[in-house]
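Residue 53 in the numbering used here sits at position 53 of the sequence shown, and the numbers go up by one each step. For every residue, glycine included, the Cβ atom is placed at its ideal position computed from N, Cα and C. It should be emphasised that the depicted structure is a prediction, and the values quoted were computed from it without experimental measurement. Structure first, then comments.
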Amino acid sequence: QVQLVESGGGLVQAGGSLRLSCTASGNIGRLNAMGWYRQAPGKQRELVAGITSGGTTNYPDFVKGRFTISRDSAKNTVLLQMNSLKPEDTGVYYCNANIYRLGNYVYWGQGTQVTVSA
């Protein structure tokens, strides 16, 4: 099995920063694209940052210039640096990993709460 363990959420004031970390462990096979999603109360889960195995990143417009995703392939870890946080960034942040092991599989972390106060 594969596990994704996230850390780094918390409470921060608007304008502050947080860094989220997610590490994959277990019978991983080949770790392909990874990403971070978030879900606010009453809203659908949405992508906030993605990164391919080659390091190509993508961001939706609402986080461009504020969030940065990176990965350490040797450690099977993906990071999300979040700066200039806004109250609307509040939500549960989930790590996502696409893994190939005799087939393509998608795994999710348990989620970490990020709360940005005004």
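| Check | Outcome |
| --- | --- |
| Backbone secondary structure at A49 - three-state DSSP | strand |
| Whole-angstrom distance between G9 and I51, CA atom to CA atom | 20 Å |
| The region 98–106 / the region 71–84 touching (three or more Cβ pairs under 8 Å) | no |
| Straight-line gap, N83 to L18 (C-alpha atoms, nearest Å) | 7 Å |
| Short Cβ contact (9 Å threshold) for G35 with N76 | no |
| Distance between beta carbons of S25 and T112, contact taken as under 8 Å | The Cβ separation is near 16 Å, so there is no contact. |
| For A49 and L80, believed in contact at Cβ under 8 Å, the rounded distance | 6 Å |
| Bounding residues of the beta strand (DSSP E) (the contiguous stretch that carries V78) | 77–82 |
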